[in-house]
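For the sequence shown, position 19 (counting from the first letter as 1) is numbered 19 according to UniProt numbering, and the numbering increases by one without interruption.
For reference, the structure is listed below as structure tokens.
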Amino acid sequence: MDIISVALKRHSTKAFDASKKLTPEQAEQIKTLLQYSPSSTNSQPWHFIVASTEEGKARVAKSAAGNYVFNERKMLDASHVVVFLCKNRDGRCLAEAGC
């Protein structure tokens with residue numbers, strides 16, 4: 001399969017079926033893919049947080065306040081939610097920098 005075919009088959013999910021969950025094997029595969037994400041000069045200036053419990057997803061969904069409130073239901077209904085954190089120019093993680 002060529003890259004254009006892959007790009008044309010992708011879609012943005014607008015809603016999730018809360019009754020459908022990833023298997024533990026699928027969740028581990030996603031975590032492995034995240035660990036091997038390439039970066040320039042192998043700097044890997046990011047961290048990932050994976051929320052899979054109802055409590056964890058609710059904590060992440062709190063970030064959907066204000067302009068992003070439309071994403072709250074998606075976060076609560078998804079099997080897993082991945083939060084991407086990046087380091088800023090002075091090397092601090094953006095979450096640590098108060099952003």
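Where is the CB? At the ideal position from N, CA and C, for every residue including glycine.
Checking 8 Å against the spacing of the C-beta atoms, do residue 45 and residue 52 come in under that value? Judged by beta-carbon spacing, residue 52 lies beyond the 8 Å limit of residue 45, meaning their Cβ atoms are not closer than that value.
Run the proximity test for residue 80: is its beta-carbon closer than 7 Å to any non-hydrogen atom belonging to the ligand ATP? The model on display carries no ligand, and the ligand ATP is accordingly not part of it.
Give the list of continuous beta strand (DSSP E) stretches no shorter than 3 residues that lie fully inside the UniProt domain "Nitroreductase" (8-80). Restricting attention to beta strand (DSSP E) runs no shorter than 3 residues, the UniProt domain "Nitroreductase" (8-80) encloses them at 46-51, ordered along the chain.
Just to confirm, is the Cβ distance from residue 48 to residue 70 under 8 Å? Their beta carbons are not under 8 Å apart, which means residue 48 does not touch residue 70 by this criterion.
Nearest-angstrom beta carbon gap, residue 50 and residue 80 [assumed within contact, 8 Å]: About 6 Å; that satisfies the 8 Å criterion.
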